[in-house]
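**Q**
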Ligand code: FAD
Ligand code: PHB
């Protein structure tokens, strides 16, 4: 087989890139290790920046998002029983949109099918070859048969556990990592959200987050030790713990019910540099991870897609390689700002095992400054709704 760009990974980065390129007339083949059903069963992010919404519109996959997404003009921050609001509309005039990653991915798969784009599911043993040459190729096994695709470029959109990043030799690659000493236990329940907006809560018992997917689907999280196992958390224990961490008014009105998904995610910050090597470009979680506190994971994947899409489009349509040569530098400049914001929000809102009295007072002072200072609120709002591409 031959195509212009092989995209490894059929998660949101790979699919969005493929749809944008298809619209620009650039041929792609997407190789995904799992089945479509498996990818769509993963419950992950829920908040979309305006930049990502615009990209989805550009890719013609935003009809349902525009109909069903909830536009949020602000978010609530609770510090023990003191709750204040960051007003995105007033501070920056840009909202965020609540629309689940699962739905984004579903819309992208439907669009890809409708436009006849080629996706190979259950592609095993994907391997990248001759990435530093002008004639790279990718091999894989499908239904027990070995296959090969020759191409011009390879987009490594295969997430944190993919093969693309590892293709870049160790002496070229630099990795930066911070692992946090806790995780998030998350549940999904078919109950109305406790508030119209998200509540990020810093409590004596640890962090909690009230989020949502739609009018009858809520997503809640509590910070938990890394040693906890999902099986140890009954639904009742989860609801009790959540109620103890969120403001009283919210706890009193919270509607609980059976959970339909429950999982624990560790928190990590990670960046690999550079994001390009020869004809391989890394995109999304393949190159970087943020703790979910700032809702930046999916959105930062989207900004990589923006830079890579324009780089490839300029190469094929305008004969210009400037975007290709500067991809890594431009993507990383924005990635590091998202890393900083996610790290800051994580530090602001969580309880750390070794936290001293001084550390706790610093957190409280940081929260009080944010509550009282418009410039601080504006800085937070600018980062939360998404820095410009
Ligand atoms: P992925 O979504 O990981 O997609 C990569 C795809 O590549 C997958 O489909 C995978 O099956 C495929 N793949 C992997 N290896 C291979 C291979 N060798 N060959 C072929 N295909 C391969 N972000 C937030 O903003 N908020 C959240 O609440 C949030 N929660 C999260 C919870 C969890 C458990 C995880 C893991 C992430 C979460 N994130 C969250 C982050 C967000 O979901 C990611 O940033 C986003 O999924 C990145 O998209 P991606 O397409 O780059 O990577
Ligand atoms: C979610 O709805 O899953 C969500 C929202 C905001 C975050 C993280 C996760 O910061």
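Numbering (the working numbering), first residue to last: 292 to 680. Heads up, the beta-carbon is just placed ideally off N, CA and C, and yes, glycines get one too. Quick caveat, the model's predicted, so the values are computed rather than measured.
Which stretch, first to last residue, makes up the beta strand (DSSP E) that contains residue 499?
**A** 497-505
**Q** To the nearest angstrom, how far is the alpha carbon of residue 292 from that of residue 441?
**A** 6 Å
**Q** How long is the line joining the alpha carbons of residue 521 and residue 636, rounded to whole angstroms?
**A** 25 Å
**Q** Does the ligand GTP have even one heavy atom less than 6 Å from the beta-carbon of residue 583?
**A** No copy of the ligand GTP occurs in the structure displayed; its ligands are the ligand FAD and the ligand PHB alone.
**Q** State the DSSP-derived secondary structure class of residue 542, mapped to helix, strand or coil.
**A** helix
**Q** Among 346, 352, 664, which one has its Cα closest to the Cα of residue 404?
**A** 352
**Q** Identify, in the order they occur along the chain, each residue of the same chain with its Cβ nearer than 7 Å to the Cβ of residue 349, setting aside the five sequence neighbours on each side.
**A** 311
**Q** Apart from the five residues on each side of it in sequence, which residues of its chain come closer than 6 Å, Cβ to Cβ, to residue 499?
**A** 492, 513, 533, 536, 537
**Q** If the criterion is Cβ atoms closer than 7 Å, does the pair residue 724 and residue 400 meet it?
**A** Because the chain in this structure spans residues 292 to 680, residue 724 falls outside the shown range and cannot be described.
**Q** Compute the minimum distance between the beta carbon of residue 389 and the heavy atoms of the ligand FAD, and state whether it is under 6 Å.
**A** Answer for residue 389: no, Cβ out of range of the ligand FAD.
**Q** CB residue 614 to CB residue 602, shorter than 7 Å?
**A** For residue 614 and residue 602, yes; Cβs fall inside 7 Å.
**Q** Go through its chain and collect everything with a Cβ distance to residue 361's Cβ below 8 Å, but skip five positions before and after it.
**A** 388, 389, 390, 503, 505
**Q** Skipping 5 residues on each side, what residues in its chain have a beta carbon closer than 6 Å to that of residue 467?
**A** 562
**Q** Could you check the C-alpha separation between residue 530 and residue 634 for me, to the nearest Å?
**A** 27 Å
**Q** Taking just the CA atoms, how far does residue 496 sit from residue 472?
**A** 15 Å
**Q** Determine which residues share a DSSP beta bridge with residue 491 and list them.
**A** According to DSSP, which records beta bridges pairwise, residue 491 is partnered with 368, 500.
**Q** Whose C-alpha, out of 333, 590, 582, is nearest the C-alpha of residue 575?
**A** Per the Cα distances, 590.
**Q** What's the C-alpha gap between residue 572 and residue 606?
**A** 14 Å
**Q** Which runs of the alpha helix (DSSP H), 4 residues or longer, sit entirely within the region 562-648?
**A** 588-609, 613-640
**Q** Please state whether the Cβ-Cβ distance between residue 461 and residue 569 is less than 7 Å.
**A** Cβ atoms of residue 461 and residue 569: not closer than 7 Å.
**Q** If residue 489 and residue 396 are in contact, beta carbons under 8 Å, what's the gap, nearest whole angstrom?
**A** Actually they do not touch by this definition, with Cβ atoms about 21 Å apart.
**Q** So, do the region 296-305 and the region 441-458 have three or more beta carbon pairs nearer to each other than 8 Å?
**A** Enough Cβ pairs lie closer than 8 Å, so yes.
**Q** Cα separation between residue 541 and residue 483?
**A** Taking the straight line from one Cα to the other gives about 12 Å.
**Q** Our contact map puts residue 383 next to residue 673 with C-beta atoms below 8 Å; I'd like the distance itself, whole angstroms only.
**A** 5 Å
**Q** Would you call residue 517 buried or exposed, if buried means 16 or more other Cβ atoms sit within 10 Å of its Cβ?
**A** exposed
**Q** Taking the alpha helix (DSSP H) that residue 395 belongs to, which residues open and close that run?
**A** 392-405
**Q** Please confirm whether residue 347 has its beta-carbon closer than 7 Å to some beta-carbon of chain B.
**A** No chain B appears in this structure, which consists of one protein chain only.
**Q** Leaving out five residues before and five after residue 509 in sequence, what residues of the same chain have Cβ atoms less than 6 Å from its Cβ?
**A** 480, 482, 484, 503
**Q** Name the DSSP bridge partner or partners of residue 557?
**A** 474
**Q** What ranges does the alpha helix (DSSP H) occupy inside the region 314-393, keeping only unbroken runs of at least 4 residues that lie completely in it?
**A** As summarised for the region 314-393, the continuous alpha helix (DSSP H) elements at least 4 residues long and confined to that stretch are 327-331, 341-349, 354-359, 379-382, given in chain order.
**Q** Assuming residue 346 and residue 356 form a contact by the criterion Cβ under 8 Å, report the distance between their Cβ atoms to the nearest whole angstrom.
**A** Residue 346 to residue 356, Cβ: 11 Å. No contact.
**Q** If you draw a straight line from the alpha carbon of residue 437 to that of residue 407, how long is it in whole angstroms?
**A** 23 Å
**Q** Just to confirm my understanding: we take residue 463, look at its own chain, exclude 5 residues before and 5 after, and list those with CB closer than 8 Å. What are they?
**A** For residue 463, where only same-chain residues beyond five positions count, the Cβ hits under 8 Å are 565, 568.
**Q** Using DSSP with H/G/I as helix, E/B as strand and the rest coil, what is residue 461?
**A** coil
**Q** May I have a chain-ordered list of the alpha helix (DSSP H) segments no shorter than 4 residues that lie completely inside the region 408-452?
**A** none
**Q** Residue 323: beta carbon under 6 Å from a heavy atom of the ligand FAD?
**A** yes
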